[in-house]
Amino acid sequence: MRAITHRDNPILPISVAGEPPEENHTAWGIPNAGEIVHTLRQAGFPVATAWSPFESANHWFVIAVARDWRARTGLTGEQVCRQMADILFATKAGMGTPKYLVVNDDIDITNTREVVWAFATRNHPGGRGQLIFNDENTNPLVAYLDDADKKMLQTTKVVYNCLDPEHLGGKLPRRSSFRHIYPHALQNKIINQWATYGYQQGSQP
Numbered sequence: 001m002r003a004i005t006h007r008d009n010p011i012l013p014i015s016v017a018g019e020p021p022e023e024n025h026t027a028w029g030i031p032n033a034g035e036i037v038h039t040l041r042q043a044g045f046p047v048a049t050a051w052s053p054f055e056s057a058n059h060w061f062v063i064a065v066a067r068d069w070r071a072r073t074g075l076t077g078e079q080v081c082r083q084m085a086d087i088l089f090a091t092k093a094g095m096g097t098p099k100y101l102v103v104n105d106d107i108d109i110t111n112t113r114e115v116v117w118a119f120a121t122r123n124h125p126g127g128r129g130q131l132i133f134n135d136e137n138t139n140p141l142v143a144y145l146d147d148a149d150k151k152m153l154q155t156t157k158v159v160y161n162c163l164d165p166e167h168l169g170g171k172l173p174r175r176s177s178f179r180h181i182y183p184h185a186l187q188n189k190i191i192n193q194w195a196t197y198g199y200q201q202g203s204q205p
């Protein structure tokens, strides 16, 4: 080496990771979401989309699959989750996230309120709903890792199966909400008169 190139008063290319959202979450989460969708589709999974909620600070990834996933894969929900995990944990885009939620595509996974609702109501907190993977490679920036985890660059990961359960026979539960259960004509009438009811515009149902 004959020379060292340097810059006076450099602009340091770093990110001080903290509470979200900040660029550590946007610059990783968004491109990794695209890579995860591409990788899983290439493997034959009917993935609709993927998203890392900014509130999770890159610790969650939510993956939505087409609602006819059972017919298209011939697999159970547990098998879908397990096989997707085996693929994702071996990729750069999927390796750094410790917690995954797999949901049906009726959930808007970019809406954290819907994600929380789906997780709370569709995940069975037992063996079929919570798949544990021990000693998986990890990103050392995962916040809760202890010294041993960081030294080994390995930790436990989990996939939460929030897909429609087998006993429903492929039928999603009907969503009982203003947007999903009321006729569109009635919804539009209510929304158009929202201000006359004394409510602010941004508070629509």
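Okay, so the sequence shown: first residue is 1 according to this note's numbering, each after it adds one.
Built from N, CA and C at the ideal position, the CB exists for glycine as well.
So, helix, strand or coil for LYS150, using DSSP?
-> Residue state for LYS150 is assigned as helix, using DSSP reduced to three classes.
Compare the beta carbon distance of VAL65 and VAL37 with 8 Å and say whether it is the shorter of the two.
-> No, they are not a contact pair.
When DSSP labels each residue in this structure, what does GLU22 get in the three-state scheme?
-> Here GLU22 carries a coil assignment [DSSP, helix/strand/coil].
Looking at C-alpha atoms only, which residue of MET84, GLY96, ALA185 is the closest neighbour of LEU145?
-> When MET84, GLY96, ALA185 are compared, the shortest CA-CA separation from LEU145 is found for GLY96.
Take the Cβ of LYS157 as the centre, count every other Cβ of all protein chains shown within 10 Å, and call the residue buried at 16 or more, exposed below.
-> Looking at its Cβ environment, which holds 16 or more other Cβ atoms inside 10 Å, LYS157 is buried.
Could you please give the first and the last residue of the uninterrupted beta strand (DSSP E) stretch that includes GLU136?
-> From DSSP, the beta strand (DSSP E) with GLU136 extends over 130–137.
When we look at the beta-carbon of GLY167 and count the other beta-carbons within 10 Å, is it buried (16 or more) or exposed?
-> Sequence check: residue 167 is His here, not Gly. Exposed: under 16 other Cβ atoms inside 10 Å.
Round the Cβ separation of LEU131 and ALA85 to the nearest angstrom and send it over; I've been treating them as touching at under 8 Å.
-> At roughly 7 Å, the Cβ-Cβ gap stays under 8 Å, so LEU131 and ALA85 are in contact.
Could you name the residues that DSSP lists as bridge partners for VAL62?
-> Beta-bridge annotation (DSSP): VAL62 is paired with TRP51, LEU101.
Using the beta-carbon count (16 or more within 10 Å), is PHE45 buried or exposed?
-> Buried, since its Cβ has 16 or more Cβ neighbours within 10 Å.
Please classify HIS124: is it buried, with 16 or more other beta-carbons within 10 angstroms of its beta-carbon, or exposed?
-> Answer is exposed; the Cβ neighbour count stays below 16.
Mapping DSSP to helix, strand and coil, what is THR110?
-> THR110: coil per DSSP, three-state reduction.
Please determine, among TRP60, PRO165, LEU141, LYS171, the residue with the shortest C-alpha to C-alpha distance to VAL80.
-> Closest option to VAL80, Cα to Cα, is PRO165.
Can you tell which of ALA90, TRP69, HIS6 has its C-alpha closest to the C-alpha of LYS171?
-> Between LYS171 and the set ALA90, TRP69, HIS6, the nearest pair of CA atoms involves TRP69.
Can you tell which of PHE54, GLY169, LEU101 has the C-alpha that lies nearest to the C-alpha of LEU75?
-> The residue with the shortest Cα to Cα distance from LEU75 is GLY169.
Going by alpha carbons, who is nearest to PRO98 out of VAL159, TRP117, LEU163, ALA43?
-> Nearest option by C-alpha distance: VAL159.
Beta-carbon contacts of THR110 that lie in its chain and below 7 Å, excluding the five residues immediately before and after | Here THR110 has TRP51 as same chain residues with Cβ atoms under 7 Å from its own Cβ, once five neighbours each way along the sequence are excluded.
Does the separation of the CB atoms of HIS25 and ALA57 fall below 8 Å?
-> In contact: HIS25 and ALA57 (Cβ atoms closer than 8 Å).
Using three-state DSSP, classify ASN192 as helix, strand or coil.
-> Of the three classes helix, strand and coil, the one that applies to ASN192 here is helix, per DSSP.
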